[in-house]
Each structure stands twice: as C-alpha cells, then as structure tokens.
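Under the numbering used here, the first residue of the sequence shown carries the number 224, and numbering increases by one thereafter.
A virtual CB, placed ideally from N, CA and C, is assigned to each residue, including glycine.
Small disclaimer: the values here were computed from a predicted structure and weren't measured.
Down below is the structure, laid out as structure tokens.
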Amino acid sequence: MPVFVIVGHKVNTDGQFSLNDLPGSTGRLDILLRCVNTSFFLSNDIRKNVEVFLVLQGELDGPKTVRFAGSELKYLNPDERSTAALVKNALMQNPGQDEEINSTPGVYVSRRGLKEVLDSMGDRPFVHLREDGKSIREVELNENFVFVMGGQFDLTEDEENLVLDHNPANVSLGPNKLHASHCITIVLNELDINK
Ligand SMILES: C[S@@+](CC[C@H](N)C(=O)[O-])C[C@H]1O[C@@H](n2cnc3c(N)ncnc32)[C@H](O)[C@@H]1O
Numbered sequence: 224m225p226v227f228v229i230v231g232h233k234v235n236t237d238g239q240f241s242l243n244d245l246p247g248s249t250g251r252l253d254i255l256l257r258c259v260n261t262s263f264f265l266s267n268d269i270r271k272n273v274e275v276f277l278v279l280q281g282e283l284d285g286p287k288t289v290r291f292a293g294s295e296l297k298y299l300n301p302d303e304r305s306t307a308a309l310v311k312n313a314l315m316q317n318p319g320q321d322e323e324i325n326s327t328p329g330v331y332v333s334r335r336g337l338k339e340v341l342d343s344m345g346d347r348p349f350v351h352l353r354e355d356g357k358s359i360r361e362v363e364l365n366e367n368f369v370f371v372m373g374g375q376f377d378l379t380e381d382e383e384n385l386v387l388d389h390n391p392a393n394v395s396l397g398p399n400k401l402h403a404s405h406c407i408t409i410v411l412n413e414l415d416i417n418k
C-alpha cells in the first residue's frame with residue numbers, strides 16, 4: 224500500500240478555522256486537502272490501498288498528524304470543504320502524547336511529528352520527491368514505497384536529514400515545480416502502470 228507523507232509547515236493544528244475560508248484561515252490546509260482527494264479518488268471509484276499522513280506544524284497545538292487510511296475511509300467526498308470538515312473534526316480532538324484517536328472512520332489524529340511518522344514505517348523503502356532528484360522514469364517503484372514531500376513548501380534541511388536517516392531515493396517527476404497534489408497523481412499513475 225503506497226504511503227504519502229506530506230508536511231504542512233504552517234497548517235493550523237487546533238482546528239479553529241473557518242470552512243468558508245480554507246486558503247486564508249488554515250495556513251494553506253487547502254493544498255493538503257487536494258493531496259488527500261487526489262490520493263483516494265479515481266473517476267467513479269476510490270483507491271482503498273493508499274495511506275496518507277498529513278504532518279501539520281502550524282499554530283496553536285502542533286505538531287499533529289492526521290492519517291487517512293483508504294481501507295477504512297468513510298464520508299470522504301471529492302470537494303475540499305467536506306474533507307476540511309473531517310480534518311477539523313480530527314484536530315479538535317486532544318490525543319495524549321503517544322495516543323492516536325480515531326476521529327471518524329478511516330481518519331486518525333495523533334501528536335506525532337515528522338520523525339515519529341517516518342520511524343513508524345519500519346523497513347519500508349523511502350522516496351523523497353524533489354525536483355532535483357533522479358527521473359522517475361529511471362527508478363523501479365512499487366506499492367511498498369513511502370513517498371515524502373512538502374505541501375506549500377519544500378522540506379527544511381532538518382527535515383531532509385530526518386528523511387536521509389531512511390536512505391531515500393531522491394526522485395524527480397520532471398523539470399517543473401509541481402503542485403503537491405499533481406505529484407501524487409503522477410506517482411500513483413506510474414504505480415498503476417508498473418503493476
Ligand atoms: C509546491 S511544491 C513546494 C514548493 C516548490 N518547490 C516551489 O518552490 O514552489 C510541493 C512539493 O512537491 C514536490 N515536487 C514539486 N515539484 C516536483 C518535481 N518536479 N519532482 C519531484 N517532486 C516535486 C516536492 O516534494 C515539493 O516539496
């Protein structure tokens with residue numbers, strides 16, 4: 224099951240945001256919402272074999288990680304507003320330090336930061352998606368990989384070092400700076416082709 228770990232550096236973590244102003248009141252949660260929808264929605268179908276970790280670092284209660292498990296997901300719709308409501312509901316929870324709360328079917332929230340999330344992947348192979356990586360056409364990828372990427376911003380140097388601890392393949396999807404959600408579409412399509 225492919226896993227996407229997406230870092231939201233400024234994304235709100237206390238759930239105190241307006242569903243009517245997602246780009247303006249959430250620290251660009253909207254970028255990550257598109258990543259969630261892209262990870263699960265096909266035309267008239269849902270991918271059940273994908274997992275997404277949104278590692279949120281913004282104000283006022285971060286870090287928090289919201290995890291979407293495709294095999295259990297319910298109430299996910301293609302519009303950003305309803306996905307934002309699932310995230311808001313998760314962020315309103317108050318998990319203990321080592322606790323993960325199941326806020327709605329297939330949606331979990333914890334106080335894990337990037338290091339804890341990466342370390343929870345066991346010995347799975349890692350890919351760091353970055354523009355200056357090796358072309359995706361030249362690497363053998365499969366559904367066992369963990370794909371790590373930034374949301375609005377690239378990973379910081381410290382975060383890159385955390386990923387380096389897992390010996391990632393640095394993979395480029397092409398010469399242009401892509402939206403995070405578009406990267407996910409390209410990766411999943413490559414995995415579908417490689418199947
Ligand atoms: C919107 S981009 C981050 C900001 C972008 N680097 C910029 O300077 O505008 C979000 C993430 O998508 C991934 N990404 C974007 N373009 C890519 C490419 N051509 N190849 C691989 N990953 C890419 C990277 O992980 C990046 O951190």
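| Item | Value |
| --- | --- |
| Residue burial classification, E382 (beta-carbon count within 10 angstroms, cutoff 16) | buried |
| Pair within 8 Å by beta-carbon distance, S395 and T261 | no |
| Span of the beta strand (DSSP E), counted from its first residue to its last, around N325 | 323-327 |
| Ranges of the beta strand (DSSP E) found wholly within the segment 316-371, counting only runs of at least 3 | 323-327, 330-333, 349-358 |
| Contact test: L385 Cβ vs ligand 1 heavy atom, cutoff 7 Å | no |
| Environment of E274 [buried if 16+ CB atoms lie within 10 Å] | buried |
| Alpha helix (DSSP H) segment containing F376, residue limits | No alpha helix (DSSP H) holds F376; DSSP gives it neither H nor E. |
| Three-way DSSP call (helix, strand, coil) for V234 in this model | coil |
| Bridge-paired residues (DSSP) for D268 | L265 |
| Alpha helix (DSSP H) segment containing K311, residue limits | 303-314 |
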